[in-house]
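J.: This is the structure I want to talk about, given as C-alpha cells.
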Amino acid sequence: MKRTFHVVLMFALIGCSQTGNSNTATAQTDSATTVATETTATEAEPMTSAAPPAAEEKKPMSAYENKVAELPTTSGQIDIKFYPDVAPSHVQNFIDLSEKGFYNGTKFHRVIPGFMIQGGDPNTIKGDPRTWGTGGNGQNYVKAEFSSIPHKRGIVSMARATDPNSASSQFFIVVADSDFLNKNYSVFGQVTKGMDVADKIVNAQTGPGDRPLEPTTITKVVVRDATAEEKAQGRQ
1 MKRTFHVVLM FALIGCSQTG NSNTATAQTD SATTVATETT ATEAEPMTSA
51 APPAAEEKKP MSAYENKVAE LPTTSGQIDI KFYPDVAPSH VQNFIDLSEK
101 GFYNGTKFHR VIPGFMIQGG DPNTIKGDPR TWGTGGNGQN YVKAEFSSIP
151 HKRGIVSMAR ATDPNSASSQ FFIVVADSDF LNKNYSVFGQ VTKGMDVADK
201 IVNAQTGPGD RPLEPTTITK VVVRDATAEE KAQGRQ
C-alpha cells in the first residue's frame, strides 16, 4: 500500500470524526473540510428549589474487565472483546454509553473497502445524512491511549478529530491490516465474532463521503461477561 493512500485513509478517519460537542460540527465537502458552529437560543427558565440531580456513581475499573459487547445489526451480529488494561478510559466510555442505550439505532455511516467501517454517531439515528460523522456524545472527550497493539484486521479503535485527545463516541472496525494507523489511534478492543458481518457492511454500495446508500443499523448493544473461551482468546 502506497504512503499517499495511507494519508488519504487517515484523513478519512479524521475528517469524518466527531467533535464531541453537540454545538460544534465538522462538515466535510468534496474539496475541503470546514468547521461550522451552531448555536441554539433557549428561553430562560425560572429558578426552582429542586435539588440538583445526583452524580452518577463511578464504577471501579474491575467492573469493565472481561467484558464483551454484543452488537446485533441489520446485517448480523458483531461481538467485541475489550482491552481495559491498555485503553481503560476508552473501554469505560464505550461500555458506559452502551449501557445507557446511546448506540442503539445508530448506523455505520462510513465504509471503505480494504480499510474499515465506522459508526457510533448519534446523528445517524434521525439526523440529516449530511451531518453524519460530525456527532458525538456531547460530553467529555477521551484522551488518547496509544499502545503497541497494531491495527490488524478485526481491531476496534476510536475515531477522533485532528486533536489526538478528541475521541467521543465514534469508533471503527478495521477489516484489513492497517499498520499505518498504529500509535495514531487508540485501540480498545477486537472483534471475536462477526467479521463476516463487517465484511458485508464494508462492501455496501456507497455515495458521497463513503456513506452507504443503505447503511447497516446497530439495533442494540448488550454488554455481558466474557465466556471462558473468550477470556482465553489472545490478542491480535
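Going by the numbering used here, the letters in the sequence shown line up with residues 1 to 236, in that order. All residues carry an ideal CB built from backbone N, CA and C; glycine is no exception. In this text, all values refer to a predicted model and were calculated from it rather than measured experimentally.
Look at F115 and I201 and say whether their C-beta atoms are less than 8 Å apart.
T.: Here residue 115 refers to the residue found at position 115 when the sequence shown is read from its first residue. Here residue 201 refers to the residue found at position 201 when the sequence shown is read from its first residue. Not closer than 8 Å, so no.
J.: For I173 versus A198, is the C-beta distance shorter than 8 Å?
T.: In the sequence shown, the residue the question calls residue 173 occupies position 173. In the sequence shown, the residue the question calls residue 198 occupies position 198. Yes, Cβ-Cβ distance for I173 and A198 is below 8 Å.
J.: Quick check on A69: does DSSP put it in helix, strand or coil?
T.: On the sequence shown, residue 69 is found 69 positions in, with the first residue counted as 1. Reduced to three states, the DSSP call for A69 is strand.
J.: With distances taken between CB atoms, is the gap from A63 to S98 smaller than 8 Å?
T.: Here residue 63 is taken as the residue at index 63 of the sequence shown, counted from 1. Here residue 98 is taken as the residue at index 98 of the sequence shown, counted from 1. Not closer than 8 Å, so no.
J.: Thinking C-alpha only, which one of D128, N165, H151 and G127 is nearest F180?
T.: Reading the sequence shown from its first residue, position 180 is the one you call residue 180. Answer by Cα proximity: H151.
J.: Taking only the alpha-carbon atoms, compute the straight-line gap between R224 and D196 and give it to the nearest angstrom.
T.: Position 224 of the sequence shown, counting from 1, holds the residue named residue 224. Position 196 of the sequence shown, counting from 1, holds the residue named residue 196. Computed Cα separation, rounded: 22 Å.
J.: What is the DSSP secondary structure of P53, counted as helix, strand or coil?
T.: Within the sequence shown, numbered from 1, the residue matching residue 53 stands at position 53. For P53, the pLDDT reaches just 48, beneath the cut-off of 50, and the residue's location in the model is therefore unreliable, leaving the point undetermined.
J.: Note down the Cα distance separating G105 from I80, rounded to an integer number of angstroms.
T.: On the sequence shown, position 105 is the one that residue 105 refers to. On the sequence shown, position 80 is the one that residue 80 refers to. About 18 Å.
J.: What does a CB cutoff of less than 7 Å around P237 pick up in its chain, not counting 5 residues either side in sequence?
T.: Residue 237 is absent from the structure shown; the chain starts at 1 and stops at 236.
J.: Give the straight-line distance between the Cα atoms of Y83 and Q92, rounded to the nearest whole angstrom.
T.: Here residue 83 corresponds to residue number 83 of the sequence shown, with the count starting at 1. Here residue 92 corresponds to residue number 92 of the sequence shown, with the count starting at 1. If you take the alpha carbons of Y83 and Q92, they lie about 10 Å apart.
J.: Skipping 5 residues on each side, what residues in its chain have a beta carbon closer than 7 Å to that of P164?
T.: By 1-based counting over the sequence shown, the position of residue 164 is 164. Only A144 meet the Cβ criterion.
J.: Short check: CB of Y185 to CB of R153, under 8 Å?
T.: Taking the first residue of the sequence shown as 1, we reach residue 185 at position 185. Taking the first residue of the sequence shown as 1, we reach residue 153 at position 153. Result no, Cβ atoms of Y185 and R153 do not sit closer than 8 Å.
J.: Starting from D225, trace the beta strand (DSSP E) both ways and give me its first and last residue.
T.: If you number the sequence shown from 1, residue 225 lands on position 225. D225 -> beta strand (DSSP E) spans V222 to D225.
J.: What residue range does the alpha helix (DSSP H) around S89 cover?
T.: Working through the sequence shown from its first residue, we reach residue 89 at position 89. Start and end: P88 to E99.
J.: Can you name, in chain order, every residue of its own chain whose Cβ lies under 8 Å from the Cβ of R235, other than the five neighbours on each side?
T.: Taking the first residue of the sequence shown as 1, we reach residue 235 at position 235. So the list reads Y83, I149 and Q190, once near-sequence residues are dropped.
J.: Going by C-alpha distance, which of S157, N203 and I95 is nearest P60?
T.: Numbered from its first residue, the sequence shown carries residue 60 at position 60. When only C-alpha atoms are compared, the closest one is I95.
J.: Which partner residues does G76 have in the DSSP bridge list?
T.: Translated into positions along the sequence shown, residue 76 becomes position 76. Answer is T73 and T74, bridged to G76.
J.: What is the DSSP secondary structure of G209, counted as helix, strand or coil?
T.: For this step, residue 209 is matched to residue 209 along the sequence shown. Three-state result, G209: helix.
J.: So, with DSSP's three-state summary, where would you put V175?
T.: Locating residue 175 in the sequence shown gives position 175, where the first residue counts as 1. Here V175 sits in coil by DSSP.
J.: Near V222, what residues of its chain come up, given a Cβ to Cβ distance below 6 Å and the 5 sequence neighbours on each side ignored?
T.: To locate residue 222, count along the sequence shown from 1; it is residue 222. Counting only Cβ-Cβ distances below 6 Å, and skipping sequence neighbours, we find E70.
J.: How big is the Cα-Cα spacing for T74 and E65?
T.: Against the sequence shown, residue 74 aligns to sequence position 74. Against the sequence shown, residue 65 aligns to sequence position 65. Whole-angstrom Cα-Cα distance: 28 Å.
J.: Can you tell me whether DSSP reads A167 as helix, strand or coil?
T.: Residue 167 sits at position 167 when you count from the first residue of the sequence shown. Note: A167 maps to strand in three-state DSSP.
J.: With the cut-off set at 8 Å, would you say D72 and K220 are in Cβ contact?
T.: Sequence index remark: in the sequence shown, residue 72 carries index 72 (1-based). Sequence index remark: in the sequence shown, residue 220 carries index 220 (1-based). In the sequence as displayed, the identity of residue 72 is Pro instead of Asp. For P72 and K220, yes; Cβs fall inside 8 Å.
J.: Residue range of the beta strand (DSSP E) that K193 falls in?
T.: Residue 193 sits at position 193 when you count from the first residue of the sequence shown. Residues V187 to K193.
J.: Comparing alpha-carbon positions, which option in T206, T216, E230 and E229 lies nearest G76?
T.: Residue 76 sits at position 76 when you count from the first residue of the sequence shown. Among T206, T216, E230 and E229, the Cα nearest to that of G76 is on T216.
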